[in-house]
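Residue numbers (our numbering): 770 to 919.
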Amino acid sequence: MESKQQVQVAENVLHCQNNSQDLYMIQERRSANYKPNIWKHDFLQSLSSKHDEEQYRGVAAKLREEVQKSFGEALDLLATMKLVDSIVKLGLESYFEEEIKQSLDIIAASIKNRNVKVEENLYATALRFKLLRLHGYEVSPGDNSGKGFF
Numbered sequence: 770m771e772s773k774q775q776v777q778v779a780e781n782v783l784h785c786q787n788n789s790q791d792l793y794m795i796q797e798r799r800s801a802n803y804k805p806n807i808w809k810h811d812f813l814q815s816l817s818s819k820h821d822e823e824q825y826r827g828v829a830a831k832l833r834e835e836v837q838k839s840f841g842e843a844l845d846l847l848a849t850m851k852l853v854d855s856i857v858k859l860g861l862e863s864y865f866e867e868e869i870k871q872s873l874d875i876i877a878a879s880i881k882n883r884n885v886k887v888e889e890n891l892y893a894t895a896l897r898f899k900l901l902r903l904h905g906y907e908v909s910p911g912d913n914s915g916k917g918f919f
């Protein structure tokens, strides 16, 4: 019985030594030998886009105004949080920094005053936590009050 255990231990040691030797082998990297780029910097700079025209700038400005109005038309904190989350996900946060900051200040103040007028469910709580943490507000990750608020 002892001899079987000794044989198994010897096999395991031998197996471990073989694996460790494989780890230290250095493999030579292959060179891809890519051809030089045919697109020169001057050519790329000379390309124009029809989306830079004045009509598109006007449409973009009009859409920005509509989104700014929707901040004022948001019915409750959950709708505001959804709007802010959508803007952040679309990557348009830089266009609405002031509106987002004002909205998050209101949300953060309502939490500090325990005057939360938002539907308390997991989605609303998680969204509020995510948005406030994302924008640098200090929010506790747990329930400190015992009343279901974080």
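Beta carbons: idealized from backbone N, C-alpha and C, even for Gly.
| Roughly how many whole angstroms lie between the Cα atoms of K870 and G841? | 13 Å
| task | Take L847 as the anchor and find which of S909, T894, E834 has the nearest alpha-carbon. | result | T894
| field | Stretch-stretch touch, CB-based, cutoff 8 Å, three pairs: the segment 851-870 with the segment 812-828 | value | no
| field | Residue from E834, S800, W808, L852 whose Cα sits closest to the Cα of L873 | value | Looking at the Cα atoms, L852 is the closest of the given residues.
| said: Cutting at 6 Å between CB atoms, please list the residues of its own chain near L783, excluding the five before and the five after it. | reply: In this predicted model, L783 has a pLDDT of only 49, less than 50, meaning its place in the structure is not dependable; the value taken from the coordinates is given anyway. Closer than 6 Å at the Cβ level, and outside the excluded window around L783, lies no residue.
| query | Taking all protein chains shown into account, do 16 or more other C-beta atoms lie within 10 angstroms of the C-beta of L955, making it buried, or fewer, making it exposed? | reply | Coverage of the chain is limited to positions 770 through 919, which leaves residue 955 absent and any answer about it impossible.
| said: Between D854, K881, T849, E868, which has its C-alpha nearest Q837's C-alpha? | reply: E868
| Between D845 and L900, is the Cβ-Cβ spacing less than 8 Å? | In this structure, L900 does not lie closer than 8 Å to D845 by Cβ.
| query | What are the boundary residues of the alpha helix (DSSP H) that K870 is part of? | reply | 866-881
| said: What would DSSP say about Y906, mapped onto helix, strand or coil? | reply: coil
| Is it true that the CB of R897 sits closer than 8 Å to the CB of I875? | no
| task | Name the two residues that bound the continuous alpha helix (DSSP H) containing A830. | result | 823-842
| query | Going by Cα to Cα distance, which pick from E834, M850, I880, S909 is closest to Y864? | reply | E834
| What's the C-alpha gap between L903 and K881? | 18 Å
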